[in-house]
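Here is the structure we will look at, set down as structure tokens.
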Amino acid sequence: MRITCPLCGERDRREFYYVGDAVALERPDPDAGDVVWDDYVHNRDNPAGVTRDLWYHESGCAAWVVITRNTVTHEILSTELASKVKEAQS
Amino acid sequence: MRFSSWKVFTEGLSGNKGWSAHWRDAQPKSEYDYIIIGGGGHGLSTAYYLAKNHGITNVAVLEKGYLGGGNVGRNTTIVRANYFLQGNSEFYSHSLKLWETLEEDLNYNVMHSQRGLINLFHSDGQRDAFARRGNMMINQGDDAILLDREGVRKELPYLDFEQTRFPIYGGLFHKRGGTARHDAVAWGYARGASDRGVDLIQNCEVTGIDIVDGVVKGVQTTRGPIKGNKVAIIVAGRSGQVAAMAGRRLPIESHVLQAFVTEGLKPVIDHVISFGMGHFYMSQSDKGGLVFGGDLDFYASYASRGNLPMKEHVMEAGMTLMPMIGKAKVLRSWGGIMDMTPDGSPIIDKMEGIDGLYIDCGWNYGGFKAVPASGWCMAHLMATDTPHDVAAKYRLDRFRTGIGIMDEEGTGSQHNLH
Ligand SMILES: Cc1cc2nc3c(=O)[nH]c(=O)nc-3n(C[C@H](O)[C@H](O)[C@H](O)COP(=O)(O)OP(=O)(O)OC[C@H]3O[C@@H](n4cnc5c(N)ncnc54)[C@H](O)[C@@H]3O)c2cc1C
Ligand SMILES: [Zn+2]
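Residue numbers (the numbering used here), protein chains in the order written: chain D, 24 to 113; chain B, 292 to 709.
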């Protein structure tokens, strides 16, 4: 599996640290309550197919990258800087 | 049909023509009292103990593929009771005791072999951690011996003791640990359940769960709708998808775990061994193949096959520990889909808010050894609507409340850490 870092280009998967589902981009309000926080921290859609997760280019430029990929085929569909995704959201 | 030495002997003389099918190929009825989704190890043992311990036999096990075609037939078969935390400790202890009488109970040779498990350590800190773990195992009533370097050398003379990078300081020896024949465990439970009246229905994928006003009514399948009063989701790596049919999200992320086997070799590795400084563990199958594996590939996956980086890591770790295996040829590698929870411990619980719906999942990479106790406790929960004592801590709501998180590895209760 090779991952294209938006800053560094195509790199070996081993340069990246996997964080998990890109939910971190939608962090709930601190007072949202235990049900919302449980959902955010623990519960997952866990799709067999297209998913969007967060990786960290640990042995590269240290950017946080949002990766859209297929969990069944391991195909990487697109990669974006997390900061850009966050900006577009707000 | 019962197995016995006499039967094997007489069948040998008569051309082995008298063996019959191990279980009935049942066709789905329109209604059952209990429906179990998933014909893996846990689904089959649940059905067996429902019938055996609780006399409940109007039960269907619905399997989308063939019985035992999932992880129960893909794992590296280690059976052990070396857990540390309350909750896990009593559960796996119970499971190991069930393993020790399983063959007589099922009248089935599951080739349970208590060949001993040795977890190696390579630093003073690791020794302390293992000493502590060993004490917890002994307190639970199980067995543990802390071996020093010379003690390990006596058991495993072929390890590379001279290396300077990861010197071997000793090992935690769990003599009652070992392996079993994975397929036989599925088949033995299947036969036992079927003989007691349970319908095992293969090629029957559940595609929907019927719920009316918060009460479960049955399931939709590729072989038509089936009504049921109690429905259990026991589908390992597919837990997320099946729970979604009931409108629920689970604290589960599915990951791929790989395993490897070499060509058959003469007996050389008597125990199950794990390396403490890299992801590598190994045993030798009765056919002679070296069976080994490592850790997850570490990203969510349903591919049933892994990628090269973890293969390379596992091979490197193996060569560091026991260079003598370098000439063995790897025949096959494969992957299975693991239902990973944030704290690395499982869930056996009712699905809160949906009457009659139960969930047994989150077995991570260690659910094979749990097959007997999981079935035992899940059957108890379904039959009595109260959790069994040794599984009472496997609650689904522990993640929300934060009470009773069981993070056995002590790495944190978060999805990417186990
Ligand atoms: C490589 C590898 C090594 C492992 N090593 C060990 C080990 O050494 N020791 C250990 O204790 N554990 C080990 N494990 C873990 C263990 O195999 C699993 O935790 C355990 O088998 C999971 O439970 P199960 O047997 O019920 O799962 P499965 O056998 O996967 O059963 C689930 C079943 O549900 C079915 N299903 C899914 N969706 C549906 C649906 N919609 N309708 C109907 N049926 C459905 C599937 O087809 C499947 O047959 C290992 C796993 C792997 C992959
Ligand atoms: Zn980069």
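Ideal Cβ placement from N, Cα and C applies to all residues, glycine included.
C-beta neighbour in chain B for residue i, strict 7 Å
i: residue 111 of chain D; result: no
i: residue 50 of chain D; result: no
i: residue 79 of chain D; result: no
i: residue 71 of chain D; result: yes
i: residue 54 of chain D; result: no
i: residue 27 of chain D; result: no
i: residue 89 of chain D; result: no
i: residue 63 of chain D; result: no
i: residue 75 of chain D; result: no
i: residue 95 of chain D; result: yes
i: residue 34 of chain D; result: no
i: residue 43 of chain D; result: yes
Residues near residue i in its chain [Cβ-Cβ closer than 6 Å; skip 5 each side]
i: residue 579 of chain B; result: 555 and 556
i: residue 457 of chain B; result: 413 and 568
i: residue 669 of chain B; result: 337, 639 and 651
i: residue 354 of chain B; result: 330 and 493
i: residue 385 of chain B; result: 664 and 681
i: residue 703 of chain B; result: none
i: residue 433 of chain B; result: 372 and 384
i: residue 611 of chain B; result: none
Assumed close pair residue i, residue j - CB separation to whole angstroms, cut-off 8 Å
i: residue 518 of chain B; j: residue 649 of chain B; result: No, residue 518 of chain B and residue 649 of chain B are not in contact; Cβ-Cβ is about 16 Å, not under 8 Å.
i: residue 33 of chain D; j: residue 82 of chain D; result: Not quite, the Cβ-Cβ distance comes to about 14 Å (not below 8 Å), so this is no contact.
i: residue 100 of chain D; j: residue 91 of chain D; result: 4 Å
i: residue 543 of chain B; j: residue 642 of chain B; result: About 13 Å separates the two Cβ atoms, so there is no contact after all.
i: residue 452 of chain B; j: residue 437 of chain B; result: Actually they are not in contact, since the Cβ atoms of residue 452 of chain B and residue 437 of chain B sit about 17 Å apart, beyond 8 Å.
i: residue 363 of chain B; j: residue 476 of chain B; result: 7 Å
i: residue 635 of chain B; j: residue 706 of chain B; result: Not quite, the Cβ-Cβ distance comes to about 10 Å (not below 8 Å), so this is no contact.
i: residue 469 of chain B; j: residue 424 of chain B; result: Not confirmed; about 18 Å, so no contact.
i: residue 550 of chain B; j: residue 94 of chain D; result: Actually they are not in contact, since the Cβ atoms of residue 550 of chain B and residue 94 of chain D sit about 20 Å apart, beyond 8 Å.
i: residue 446 of chain B; j: residue 313 of chain B; result: Incorrect: roughly 37 Å between the Cβ atoms, too far for contact.
Candidates the options: closest to residue i by CA position
i: residue 29 of chain D; options: D:74, D:72, D:107 and D:98; result: D:107
i: residue 309 of chain B; options: B:292, B:316 and B:317; result: B:292
i: residue 330 of chain B; options: B:495, B:661, B:669 and B:536; result: B:495
i: residue 335 of chain B; options: B:675, B:664 and B:693; result: B:664
i: residue 534 of chain B; options: B:653, B:302 and B:371; result: B:653
i: residue 480 of chain B; options: B:501, B:357, B:437 and B:393; result: B:393
i: residue 486 of chain B; options: B:707, B:709 and B:350; result: B:350
i: residue 565 of chain B; options: B:558, B:435, B:548 and B:585; result: B:585
i: residue 537 of chain B; options: B:404, B:502 and B:450; result: B:502
i: residue 332 of chain B; options: B:604, B:562, B:482 and B:610; result: B:482
i: residue 633 of chain B; options: B:679, B:370, B:546 and B:443; result: B:546
i: residue 491 of chain B; options: B:328, B:656, B:302 and B:689; result: B:328
i: residue 548 of chain B; options: B:660, B:539, B:613 and B:570; result: B:570
Bridge partner(s) assigned by DSSP for residue i
i: residue 76 of chain D; result: D:44 and D:90
i: residue 427 of chain B; result: According to DSSP, residue 427 of chain B bridges with nothing at all.
i: residue 33 of chain D; result: D:27
i: residue 523 of chain B; result: B:327 and B:649
i: residue 625 of chain B; result: B:550
i: residue 347 of chain B; result: Residue 347 of chain B pairs with nothing; no bridge assigned.
i: residue 581 of chain B; result: B:575
i: residue 379 of chain B; result: Paired residues: none, contrary to the question.
i: residue 511 of chain B; result: B:499
Test: residue i CB closer than 7 Å to a CB of chain D
i: residue 545 of chain B; result: yes
i: residue 591 of chain B; result: yes
i: residue 362 of chain B; result: no
i: residue 709 of chain B; result: no
i: residue 594 of chain B; result: yes
i: residue 600 of chain B; result: yes
i: residue 571 of chain B; result: no
i: residue 637 of chain B; result: no
i: residue 686 of chain B; result: no
i: residue 531 of chain B; result: yes
i: residue 690 of chain B; result: yes
i: residue 365 of chain B; result: no
i: residue 706 of chain B; result: yes
i: residue 542 of chain B; result: yes
i: residue 319 of chain B; result: no
Proximal residues to residue i (C-beta, below 7 Å), its chain only, five neighbours per side dropped
i: residue 35 of chain D; result: 25
i: residue 389 of chain B; result: 663, 664 and 667
i: residue 347 of chain B; result: 324, 325, 341 and 674
i: residue 505 of chain B; result: 644, 645 and 646
i: residue 401 of chain B; result: 393, 394, 471, 472, 475, 476 and 479
Residues near residue i by beta carbon distance below 8 Å, same chain, minus five either side
i: residue 622 of chain B; result: 552, 553, 554 and 580
i: residue 344 of chain B; result: 667, 670, 671 and 674
i: residue 71 of chain D; result: 94 and 95
i: residue 50 of chain D; result: 63
i: residue 609 of chain B; result: 566, 571, 573, 583 and 616
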